[in-house]
Structure formats: C-alpha cells, structure tokens
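K.L.:
Okay, here's the structure, questions in a sec.
In the numbering used here, the protein residues as written are 7 to 174.
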C-alpha cells in the first residue's frame, strides 16, 4: 500500500522516494526490518520480507563498461551477465564496479542502491524479464525499503532500456 502521509514521506524520504513523489508516478513503499545477521543476499531478504516472488524483485548493480559506470537491474535470484550488459550499453568489456565507487557515484550504500535518485545519472539497462510483470520492486534507497512501480515507469525515470542481461 502506498504511504502518502507527511510522516511516511519524512521517514522514507530517500532520494529515490523523493524522485518518485516528484514525478507523480504511481508507486508503493515496502519498508521492512533489515536483518544484518541474515544469511540471505540483500535482494533475497527483501523478496522474503515483502512477500513477493524473487523474479519480481530486482537488484541494482553497477559495472564498469569501457571506463564508464553503467547500471544493470536484474532479478535478485539471478546474476548480471557482464558481456550482455556491455553489449546493451554499446561497450566491449565490463567488470563489476568497485563497491566504494558504486556508493560514491550513486549516493547509496551497497544493499540499498536504488536505480532512482542517484547522484549522477548513468546509462541504465533493465533485464527484459521485468516486462512480464505489471509491477517490479527495486530498492527504495536504503536497506530495508523497496518500492514497487511499473517497469515502464522505471524505464522512464531512469531513461533506461531493456535487454537480456540476467543469467542463472
């Protein structure tokens, strides 16, 4: 359920949530208690906590493609295919970005990196599997907060494209 009260905006006012609110894009907020001791990955923990199947919950990863940071958004139960991301971004070679560089470039901490409201806009590629859902869930900009929105709206807000960038 969307949280629209002032107190909800104040408590969840990450740059991602502010971006969503300013855009007027329909979305829902899904706060949950992040467990630092959980053996699950951040994304799998989010899927379990908000009660959504893992293929509908997406993680935001940054990769260095030919010297530029590129955002890849893939289901939490899959991996980012670096070669496919490089192709989709018009590059030749990709490697996972250093976590500290990803944090500096986005303004978020690892485990809470949202594709929305990043400090710097990056080329963004969403795995094409997102198109199978009316709503996808991505980080809301902190550990313990996911947001639900239509894949088309996510693409509009990030100026993103879709491509087959996930692998098992």
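Glycine residues also receive a C-beta, built at the ideal position from the N, C-alpha and C atoms. Please read all numbers here as calculations on a predicted model, not as lab measurements.
Could you tell me the alpha carbon to alpha carbon distance between residue 119 and residue 138, rounded to whole angstroms?
P.N.:
Each residue's Cα considered, the two are about 23 Å apart.
K.L.:
Where are the alpha helix (DSSP H) runs, 4 residues long or more, that stay fully inside the stretch 14-83, in chain order?
P.N.:
Those alpha helix (DSSP H) runs which fall completely within the stretch 14-83 and span 4+ residues are 21-29 and 48-56.
K.L.:
Does the stretch 33-43 come close enough to the stretch 154-166 that 3 or more CB-CB pairs lie under 8 Å?
P.N.:
Verdict: yes, contact present.
K.L.:
Please determine if the stretch 119-136 and the stretch 61-71 are in contact, where contact requires at least 3 C-beta pairs separated by less than 8 Å.
P.N.:
These segments touch.
K.L.:
Quick one: measure Cβ to Cβ for residue 117 and residue 22, integer angstroms, because I've assumed they're closer than 8 Å.
P.N.:
Incorrect: roughly 14 Å between the Cβ atoms, too far for contact.
K.L.:
In terms of residue numbering, what span does the alpha helix (DSSP H) encompassing residue 126 cover?
P.N.:
Neither: residue 126 is in no alpha helix (DSSP H) and is coded neither H nor E.
K.L.:
Please state the DSSP three-state secondary structure of residue 140.
P.N.:
Of the three classes helix, strand and coil, the one that applies to residue 140 here is coil, per DSSP.
K.L.:
How far does the beta strand (DSSP E) with residue 152 in it reach, from first residue to last?
P.N.:
Run containing residue 152: 151-155, per the beta strand (DSSP E) assignment.
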